[in-house]
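Note that UniProt numbering has the sequence shown beginning at 1, numbered continuously upward. Report on the structure given below.
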Amino acid sequence: MTIVLGTPGVGGLSEAVGVLREWQHDGPPTQLHPGDLGWFWRFGAEATAAAVRTWSRGGRILAVGLLDEPELLRMTIAPEARQDEELARRLVEDLAEPERGVFTGKAYVEAPMDALVQDLLLDGGWNADEPWTPLRRDLTAPVEDPDVRIEAIGPERARLRAAVQRAAFGESTFTGERWLAMAAGSPYADARCLVAYDDQGEAVAAVTVWSAGPGKPGLLEPMGVHSEHRGRGYGKAITLAAAAALRELGSSSAIVSTPSANVGAVATYRSAGFLQLPETRDLGAPRG
1 MTIVLGTPGV GGLSEAVGVL REWQHDGPPT QLHPGDLGWF WRFGAEATAA AVRTWSRGGR
61 ILAVGLLDEP ELLRMTIAPE ARQDEELARR LVEDLAEPER GVFTGKAYVE APMDALVQDL
121 LLDGGWNADE PWTPLRRDLT APVEDPDVRI EAIGPERARL RAAVQRAAFG ESTFTGERWL
181 AMAAGSPYAD ARCLVAYDDQ GEAVAAVTVW SAGPGKPGLL EPMGVHSEHR GRGYGKAITL
241 AAAAALRELG SSSAIVSTPS ANVGAVATYR SAGFLQLPET RDLGAPRG
């Protein structure tokens, strides 16, 4: 059967989220979690649908990609199809040819490290880009207390959550309205937003966590500490709170990924009991 590249439309987003849930496991990083779509949903359902690509055969989705940026496709593949040669070759063709509608200019791809498409892209002249560090914390045992006040955020505190995000990430455009759009997406049914406070009642850190269902890894995306309150342990505290929230949601583990160059973030996650996994790399299209 022919492999078909498509965009799901708003009506097909639930199916894409559903297969991403099914594909999550506690082995090597899958590179795309339903929470990644959930976080992108802050731009609205239509924008999210326009950024998603699916590859299907016989009506069954085999791969899902998210254009997290116009030049970056984050994708994952059904575990049983990662060595499927027909799929891998079709992916390479679609990623390399601008007229296929995935990229129109420069191109970077993030894909599972154990997928055949990685080898084919490298053989085709694609180049390894900056390394990322994935980290994981097992949630079998209870998580230690973060020792700060933690609040679960609902719609009435959306603007506060957004303000902490902007204070943590200087280029962030997150707003209360975008929080509401994110919370309206189907992935947020199994998500939580948390804010940490200092002894004076100031909001100092925030995180959003995304469950993929009971017995599956949950994702931290994003986590940030207010720029005026760094170096005081609030990153560790909010990360512990995130892990505890995912455990309450039934997640088997908590996962996160950060650029390897961000040594402070890596250290923060490790201080909260996360184990550092082998680095992953995006692949950049050949220049020429």
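Think of the CB as a built atom: it goes at the ideal place given N, C-alpha and C, for glycine as much as any other residue.
Proximity of residue i and residue j at Cβ, strictly below 8 Å
| i | j | result |
| --- | --- | --- |
| P29 | P134 | yes |
| R60 | A181 | no |
| L66 | R74 | yes |
| L277 | R136 | yes |
| A245 | R192 | yes |
| A63 | L87 | yes |
| V194 | A206 | The question names Val, yet the displayed sequence has Leu at residue 194. For L194 and A206, yes; Cβs fall inside 8 Å. |
| R53 | T7 | yes |
| V10 | A51 | no |
| H229 | V266 | no |
| V164 | G224 | yes |
Spatial neighbours of residue i in its chain, beta-carbon cut-off 6 Å, leaving aside the 5 residues before and after
| i | result |
| --- | --- |
| A128 | R281 |
| L72 | Y108 |
Three-state secondary structure assigned by DSSP to residue i
| i | result |
| --- | --- |
| I150 | strand |
| Q118 | helix |
| D84 | coil |
| S227 | helix |
| A285 | coil |
| P259 | strand |
| V92 | helix |
| N134 | According to the sequence shown, residue 134 is Pro rather than Asn. Strand, per DSSP. |
| W126 | coil |
| S271 | helix |
heavy atom of the ligand HEM below 7 Å from residue i C-beta
| i | result |
| --- | --- |
| L219 | With respect to the ligand HEM, the structure shown offers nothing to examine, as it has no ligands at all. |
Contacts around residue i, its chain only, beta-carbon distance under 7 Å, and the 5 residues preceding and following it disregarded
| i | result |
| --- | --- |
| S252 | D26, L139, G215, K216, P217 |
| P98 | T104 |
| L121 | V92, V109, L283 |
Extent of the continuous alpha helix (DSSP H) run through residue i
| i | result |
| --- | --- |
| R166 | 158–168 |
| R21 | 9–23 |
| T239 | 234–248 |
| L5 | From DSSP, L5 is part of no alpha helix (DSSP H) but of the beta strand (DSSP E) over 3–6. |
Residue interval of the beta strand (DSSP E) (run including residue i)
| i | result |
| --- | --- |
| R192 | 191–197 |
| R57 | 52–57 |
Which residues DSSP lists as bridging residue i, in chain order
| i | result |
| --- | --- |
| M75 | G65 |
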